[in-house]
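A.B. asks: Per our numbering, numbering of the sequence shown is gapless, rising by one per residue and ending at 222.
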Amino acid sequence: MKQEALLETLFSLQDVSYQQMQRRLLPTLDPDTIIGVRTPELRRLAKEMENADAFLLQLPHRYFEENQLHSFVLERGKNFETTIGNVEAFLPFVDNWATCDQLSPRVFRKHRRELLPYVRRWIASDRPYTIRFGIGMLMSHYLDGDFDPAYPEWVAAVQNEDYYVKMMAAWYFATALAKQFDAVFPFLSEYRLDTWTHNKAIQKSVESYRIMPEQKEILKQYRVK
């Protein structure tokens, strides 16, 4: 689909009330770049898109929905090498938390060993949404059977003051506490995180239904006032 035809399709699917909500949820974006197309419609377009490879080369995109569509096309990639290359090409242009968090290629689930070096490099990046994406991948794929105590060290070592990086780090530690409490708890009990991330991780943990009540009571004792 050529860009002109794609934009015509996207604007034909515009929902103005949804557009207004998205503008409130995405304060870092220029409001004029948000069309207001609901996610199910974008996923349908990604599934039906012809010549998707050509679309992936049309970087940078102007509209938020084009970036979302880009993520959903990458989500469907079946070849790891091709998909990882496309992800690497796209990450410098990811400019908001929603696109970052919805970029989750399914093929990564079957290639965790090959993915890991990329994850480590992304987390060490100086680009906020690349860091956030790397932490998100570490949270999605390496907190169960593939967990290693070294991985939370990578997240704790991040020194970036961007709100969306720090929020993802807190989310990572809250999720890690739910799945690997004994291994991750020392990061809180030894105050190895910055104060904001430390307290936010505890807040998210206390709000989580996946953490046991007795664990929540322990964590509450480590809040920094």
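Cβ atoms here follow ideal geometry from the backbone N, Cα and C, with glycine treated the same way. Given the structure is predicted, the values throughout are model-derived calculations rather than measurements.
#1: Can you give, in chain order, each stretch of the alpha helix (DSSP H) that sits fully within the stretch 104 to 185 and has at least 4 residues?
#2: Would you please state the rounded distance, in angstroms, between the beta carbons of residue 40 and residue 61? I believe it to be under 8 Å.
#3: Kindly indicate which residue of 49, 29 and 50 has the alpha-carbon position closest to the one of residue 59.
#4: So residue 58 is in the alpha helix (DSSP H); what residue range does that whole segment cover?
#5: Counting along the chain, where does the alpha helix (DSSP H) carrying residue 101 start and finish?
#6: Confirm, please, whether the CB-CB distance from residue 220 to residue 175 is below 7 Å.
#7: Note the first and the last residue of the continuous alpha helix (DSSP H) segment covering residue 202.
#8: For residue 72 and residue 108, what's the separation of their Cα atoms in angstroms?
#9: Look at the alpha carbon of residue 186 and the alpha carbon of residue 158, and state the distance between them as a whole number of angstroms.
#10: Between which two residues does the alpha helix (DSSP H) containing residue 83 stretch?
#11: Considering residue 217, what are the terminal residues of the alpha helix (DSSP H) in which it resides?
#12: When you compare only the Cα positions, how much space is there between residue 7 and residue 205?
#13: What span of residues does the alpha helix (DSSP H) with residue 7 cover, start to end?
#14: For residue 16, I'd like the list of residues in its chain whose CB is within less than 7 Å of its CB, leaving aside the five on either flank, ordered along the chain.
#15: For residue 46, which three-state DSSP category applies?
#16: Report buried or exposed for residue 167, applying the criterion of at least 16 other Cβ atoms within 10 angstroms of its Cβ.
#17: Please report the distance separating the alpha-carbon of residue 1 from that of residue 181.
#18: Beta-carbon within less than 6 Å of residue 99's beta-carbon, same chain only, minus the 5 sequence neighbours each way: which residues are those?
#19: Compute the distance between the beta-carbons of residue 119 and residue 131, then report whether it is under 7 Å.
#20: Distance check for residue 49 and residue 77, CA to CA, integer angstroms please.
#21: With a CB to CB cut of under 6 Å and the five nearest residues on each side skipped, what residues in its chain are close to residue 52?
#22: Please state whether DSSP places residue 24 in a helix, a strand or coil.
C.D. replies: With the structure as the only source:
#1: 109 to 120, 125 to 138, 147 to 153 and 160 to 176
#2: Sequence index remark: in the sequence shown, residue 40 carries index 43 (1-based). Sequence index remark: in the sequence shown, residue 61 carries index 64 (1-based). Their Cβ separation, rounded to whole angstroms, is 15 Å, which puts residue 40 and residue 61 out of contact at 8 Å.
#3: The residue labelled residue 59 in the question sits at position 62 within the sequence shown. Nearest of 49, 29 and 50 to residue 59, Cα basis: 29.
#4: In the sequence shown, the residue the question calls residue 58 occupies position 61. Segment: none, residue 58 is in no alpha helix (DSSP H) and carries neither H nor E.
#5: The residue labelled residue 101 in the question sits at position 104 within the sequence shown. No alpha helix (DSSP H) holds residue 101; DSSP gives it neither H nor E.
#6: One-based indexing of the sequence shown puts residue 175 at position 178. One-based indexing of the sequence shown puts residue 220 at position 223. No; because the gap between Cβ atoms is not below 7 Å, this pair is not in contact.
#7: Along the sequence shown, one-based indexing puts residue 202 at 205. Per DSSP, residue 202 belongs to the alpha helix (DSSP H) from 192 to 204.
#8: Walking along the sequence shown from the start, residue 72 turns up at place 75. Walking along the sequence shown from the start, residue 108 turns up at place 111. If I take the Cα positions, the gap works out to 14 Å.
#9: Walking along the sequence shown from the start, residue 186 turns up at place 189. Walking along the sequence shown from the start, residue 158 turns up at place 161. Approximately 22 Å, taken between the alpha carbons.
#10: Position 86 of the sequence shown, counted from the start, is the residue given in the question as residue 83. Its alpha helix (DSSP H) spans residues 77 to 87.
#11: On the sequence shown, position 220 is the one that residue 217 refers to. Element bounds for residue 217: 210 to 217.
#12: On the sequence shown, position 10 is the one that residue 7 refers to. On the sequence shown, position 208 is the one that residue 205 refers to. Approximately 37 Å between the Cα atoms of the pair.
#13: Counting from one through the sequence shown, the residue named residue 7 turns up at place 10. Segment 0 to 9, the alpha helix (DSSP H) holding residue 7.
#14: Here residue 16 is taken as the residue at index 19 of the sequence shown, counted from 1. Contacts found: 31, 32 and 33.
#15: Your numbering for residue 46 matches position 49 in the sequence shown. It is coil, neither helix nor strand.
#16: Along the sequence shown, read from residue 1 onward, the residue named residue 167 stands at position 170. With 16 or more other Cβ atoms within 10 Å, it is buried.
#17: Here the question's residue 1 lines up with position 4 in the sequence shown. Here the question's residue 181 lines up with position 184 in the sequence shown. For residue 1 and residue 181, the distance between alpha carbons rounds to 49 Å.
#18: By 1-based counting over the sequence shown, the position of residue 99 is 102. The answer, listed in chain order, is 68.
#19: Taking the sequence shown and counting its residues from 1, one reaches residue 119 at position 122. Taking the sequence shown and counting its residues from 1, one reaches residue 131 at position 134. Yes, they are a contact pair.
#20: Residue numbering aside, residue 77 sits at position 80 when the sequence shown is read from its first letter. Residue numbering aside, residue 49 sits at position 52 when the sequence shown is read from its first letter. Distance between the alpha carbons of residue 77 and residue 49: 16 Å.
#21: Indexing the sequence shown from 1 puts residue 52 at position 55. Result list for residue 52: empty, nothing under 6 Å.
#22: Residue 24 sits at position 27 when you count from the first residue of the sequence shown. Reduced to three states, the DSSP call for residue 24 is coil.
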